[in-house]
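All the letters of the sequence shown, read from the start, carry residue numbers 129 to 621 under the numbering used here. First up is the structure itself, then whatever we jot down about it.
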Amino acid sequence: MDEPGNRNASTEVAAVRVRPSSQAEAGAKHSGTADAAPVTPRWAPLRRPAAPVDRPPAPDVRALRAQFQPARLRSFAQSSPGRLVAAGLVLMVLCVTAGAVTSTTVSERQQALGVLLDDTEPDAHSANHLYTSLSIADAAAGTAFIAGGLEPQAVRDRYTQAIGEAAAELVTQAGHVSDEEAADPSGADRRLRTGIATGLPVYSGLIETARVNNRNGYPVGAAYLSEASHQMQTALLPMAEELEDHRFDAVTAAQYRHVQPPWTAIALLVVALGALIWVQVELARRSRRFFNMGLLVGTGALALTLIWTVAAGSVSAVAMIRCRDEGAVPSARLAESRILVQQARSAEMVKLVRRDATGDYDRTFDTNAARLNELLAGYPEDAPARDEVAHARAALTRWQSAHQRMNDTLERGDFVGAATVATGPSAADSAAQVDALDRALDKAGAVTRDTLRAKVSQAIDVLAFLAPGAFVLGIVAAVCVALGLWPRLREYR
């Protein structure tokens, strides 16, 4: 035990250690002076050690590297969980890829069909209208000239309307550049339009000069009319025909690109679906469990995508086939037929004006009439507007009979009688038959064009929701695969 004296001494020492400032104040009081120097303690105050900071343990780099050694990776890949992980990743990639490819393919098809409906087909129709208007103008100019003096107002209006429509179509086409024209480095369509736009005022000027001379009774008017018709037949119409051919070729190419279902997307969906079924069979054989809900739902989503794609793609392809067979092919025949009518009529009128005895214009008429009869006779049986085509064939037969009567009358030297047969108001004359033939062909062409556009619209509409639907179903299938395989992977922990 400690003695009291020793206990007091220990207390004093502790006091000195803990409260050095108290002793300094006491010393200052005993000394009686305010600025006495502070007493320095004999021992420095004790400092507590800083609290330890919690730091995360340094990663074991060697252990981490050991996990990714090639030998360990090969061993994991050959194990059951490794094969299951690999199968799951492959299935997920296949599902997403199949959905994405299907969505992209369908979207591209929809866009291409939209361009066909909104741009390519209207361009082809505009080019055909330009060609037809020029042919009508040339035929109407000859008819007005035969009337002598002041031509009938109806014939004059027909010529003026045809020239105005041709000029309007040139302006329309110049303001719209198709993708095919933009991709053509030669600028053939631009050159053709420029040539027509340059030659049309020259043709109109020759026709007006011929009219003035004819109105004044000058025989030179026939020479001007012949020159104008020659320019139309050898320069303007060939350029218009070439422009029309380019536009119709673009329509035909767009149709033939889409008369088949999207086989690439369908094949990829079949591969993904087959892989899903194979993995389920293997998993059922190894785990003795016949149903995996996640894989079943994923298989159903992919099967739905496949059925949807096959059905919609087939309906779209069938619509495009009918668009070609019931729309494009008949339209091309009718467009060519209508132009042949006007060219034959122009040859008939120029022959009469020039009182031609060489037979050149008769050969032109007979060639055009024979080709016209061939086109109408070969009109597809299942195509629309069959009644209008039948009316056109009957009108052609009557016109050929009237043309022969005109030639017989002209050979007898009766020019007035021949002109009456060619331009007279009688229902048996050439003018009435030409008008009936042209109206029938125009009506049939409108019907086939409506059919073409309706089938293209149907091909677009049937694909309306397939693009986003296929992508979503592909994602759903991939997620279901992951959810279905995750419980099987947890069993290996």
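Glycine residues also receive a C-beta, built at the ideal position from the N, C-alpha and C atoms.
Legend entry - Rounded C-alpha distance that separates T232 from V600: On the sequence shown, position 104 is the one that residue 232 refers to. On the sequence shown, position 472 is the one that residue 600 refers to. Near 12 angstroms, if we compare the C-alpha coordinates of V600 and T232.
Inset, instruction - Return the chain-ordered list of same chain residues with a C-beta closer than 7 angstroms to the C-beta of I467, the five sequence neighbours on each side being excluded. - result: On the sequence shown, residue 467 is found 339 positions in, with the first residue counted as 1. If we look at I467 and ignore the five residues flanking it on each side, its Cβ neighbours are Y259, T260 and S263.
Legend entry - Any 3 or more C-beta pairs closer than 8 angstroms across the stretch 370-388 and the stretch 453-464: yes
Inset, instruction - Identify which residue in Y384, L411 and L222 has its Cα closest to the Cα of I449. - result: Mapped onto the sequence shown, residue 449 falls at position 321. Closest option to I449, Cα to Cα, is Y384.
Legend entry - C-beta atoms of A363 and A338 nearer than 8 angstroms: As a working note, residue 363 is residue 235 in the sequence shown. As a working note, residue 338 is residue 210 in the sequence shown. Not closer than 8 angstroms, so no.
Inset, instruction - Apply the 10 Å Cβ neighbour rule to V604 and answer buried if 16 or more other Cβ atoms are within range, or exposed otherwise. - result: Taking the sequence shown and counting its residues from 1, one reaches residue 604 at position 476. With 16 or more Cβ atoms within 10 Å of its Cβ, V604 is classed as buried.
Inset, instruction - Can you grab the Cα-Cα spacing for the pair Y287 / Q528, in whole Å? - result: Position 159 of the sequence shown holds residue 287. Position 400 of the sequence shown holds residue 528. Cα to Cα, the separation comes out at about 23 angstroms.
Inset, instruction - Could you name the residues of the same chain whose beta carbon sits closer than 6 angstroms to that of E293, not counting the 5 residues immediately before and after it, in chain order? - result: Here residue 293 refers to the residue found at position 165 of the sequence shown. Same-chain partners within the cutoff: S261.
Legend entry - Span separating the alpha-carbon of A610 from that of G426: As a first step, residue 610 is located in the sequence shown; it is residue number 482 there, counting from the start. As a first step, residue 426 is located in the sequence shown; it is residue number 298 there, counting from the start. Roughly 9 angstroms between the two C-alpha positions.
Legend entry - Selected residue, minimal CA-CA separation from A511, among A547, T486, Q561 and A574: Mapped onto the sequence shown, residue 511 falls at position 383. The option with the nearest alpha carbon to A511 is A574.
Legend entry - Beta-carbon spacing of T230, L397 below 8 angstroms: Residue numbering aside, residue 230 sits at position 102 when the sequence shown is read from its first letter. Residue numbering aside, residue 397 sits at position 269 when the sequence shown is read from its first letter. Yes, Cβ-Cβ distance for T230 and L397 is below 8 angstroms.
Legend entry - Length of the line joining the Cα atoms of G545 and G242: If you number the sequence shown from 1, residue 545 lands on position 417. If you number the sequence shown from 1, residue 242 lands on position 114. Answer to the nearest angstrom: the Cα atoms are 55 angstroms apart.
Legend entry - With 16 other Cβ atoms within 10 Å as the buried cut-off, status of L217: For the purposes of this step, residue 217 is taken as the residue at position 89 of the sequence shown. Answer is exposed; the Cβ neighbour count stays below 16.
Legend entry - Unbroken alpha helix (DSSP H) run spanning T525, endpoints: Looking up residue 525 in the sequence shown gives position 397. T525 -> alpha helix (DSSP H) spans R514 to E539.
Legend entry - Where P347 falls, given that 16 or more other Cβ within 10 Å makes a residue buried: For the purposes of this step, residue 347 is taken as residue 219 along the sequence shown, with counting starting at 1. Looking at its Cβ environment, which holds fewer than 16 other Cβ atoms inside 10 Å, P347 is exposed.
Inset, instruction - Using the Cα positions of G541 and A530, report the straight-line distance between them to the nearest angstrom. - result: Taking the first residue of the sequence shown as 1, we reach residue 541 at position 413. Taking the first residue of the sequence shown as 1, we reach residue 530 at position 402. Looking at the two C-alpha atoms, the distance is approximately 17 angstroms.
Legend entry - Euclidean distance between Cα positions of A267 and A295: If you number the sequence shown from 1, residue 267 lands on position 139. If you number the sequence shown from 1, residue 295 lands on position 167. C-alpha separation (whole angstroms): 17 angstroms.
Inset, instruction - Give the secondary structure of S554 by DSSP, where H, G and I count as helix, E and B as strand, and everything else as coil. - result: Start at 1 with the first residue of the sequence shown, and residue 554 comes out as number 426. If DSSP states are grouped into helix, strand and coil, S554 belongs with coil.
Inset, instruction - Select from R482, V469, A226 and V446 the residue whose C-alpha is nearest the C-alpha of G597. - result: The sequence position of residue 597 within the sequence shown is 469, counting from 1. Minimum Cα distance to G597 is reached at A226.
Inset, instruction - Determine contact between the stretch 313-325 and the stretch 436-453, defined as no fewer than three beta-carbon pairs at a distance below 8 angstroms. - result: no
Inset, instruction - Figure out for me which residue from L212, E236 and E249 has the closest Cα to the Cα of D578. - result: Here residue 578 corresponds to residue number 450 of the sequence shown, with the count starting at 1. That would be E249, whose Cα lies nearest to the Cα of D578.
Inset, instruction - Given a cut-off of 8 angstroms, decide if L503 and L565 are closer than it, judged by their beta-carbon atoms. - result: Locating residue 565 in the sequence shown gives position 437, counting from the first residue. Locating residue 503 in the sequence shown gives position 375, counting from the first residue. In this structure, L503 does not lie closer than 8 angstroms to L565 by Cβ.
Inset, instruction - Quick one: measure Cβ to Cβ for A472 and A497, integer angstroms, because I've assumed they're closer than 8 angstroms. - result: In the sequence shown, residue 472 corresponds to position 344, counting from 1. In the sequence shown, residue 497 corresponds to position 369, counting from 1. About 6 angstroms; that satisfies the 8 angstroms criterion.
Legend entry - Distance between V478 and L298 (C-alpha atoms, nearest Å): Within the sequence shown, the letter at position 170 stands for residue 298. Within the sequence shown, the letter at position 350 stands for residue 478. For L298 and V478, the distance between alpha carbons rounds to 26 angstroms.
Legend entry - Nearest neighbour of A234, chosen from Q289, T486 and I394 [CA to CA]: On the sequence shown, residue 234 is found 106 positions in, with the first residue counted as 1. Here the sequence assigns Val to residue 234, which means Ala is not the residue at that position. The candidate whose alpha carbon is nearest that of V234 is I394.
Legend entry - Y384, DSSP secondary structure in three states: For the purposes of this step, residue 384 is taken as the residue at position 256 of the sequence shown. It is helical.
Inset, instruction - Look at the alpha carbon of A582 and the alpha carbon of G315, and state the distance between them as a whole number of angstroms. - result: Position 454 of the sequence shown, counted from the first residue, corresponds to residue 582. Position 187 of the sequence shown, counted from the first residue, corresponds to residue 315. The straight-line gap from Cα to Cα measures roughly 32 angstroms.
Inset, instruction - Please name the residue, chosen from P329, L432 and V409, that lies closest to L594 on a Cα-to-Cα basis. - result: For the purposes of this step, residue 594 is taken as the residue at position 466 of the sequence shown. The candidate whose alpha carbon is nearest that of L594 is L432.
Inset, instruction - With M624 as the anchor, note down where its alpha helix (DSSP H) starts and where it stops. - result: The requested residue 624 does not occur in the structure, where the chain is confined to residues 129 to 621.
Inset, instruction - Determine the DSSP secondary structure at V590, reduced to helix, strand or coil. - result: As a working mapping, residue 590 is identified with position 462 in the sequence shown. Looking at V590 - three-state DSSP - the assignment turns out to be coil, as it is neither helix nor strand.
Legend entry - Inter-residue spacing [alpha-carbon to alpha-carbon] between A555 and Q561: Numbered from its first residue, the sequence shown carries residue 555 at position 427. Numbered from its first residue, the sequence shown carries residue 561 at position 433. Rounded to whole angstroms, A555 to Q561 spans 7 angstroms at the Cα level.
Legend entry - DSSP state of G597 mapped onto helix, strand, coil: Locating residue 597 in the sequence shown gives position 469, counting from the first residue. DSSP places G597 in helix when its eight states are reduced to three.
Legend entry - Extent of the continuous alpha helix (DSSP H) run through E279: Indexing the sequence shown from 1 puts residue 279 at position 151. Run containing E279: none; DSSP gives neither H nor E here.
Legend entry - Nearest-angstrom Cα separation, counted from A592 out to Q361: One-based indexing of the sequence shown puts residue 361 at position 233. One-based indexing of the sequence shown puts residue 592 at position 464. The alpha-carbon atoms of Q361 and A592 are separated by roughly 47 angstroms.
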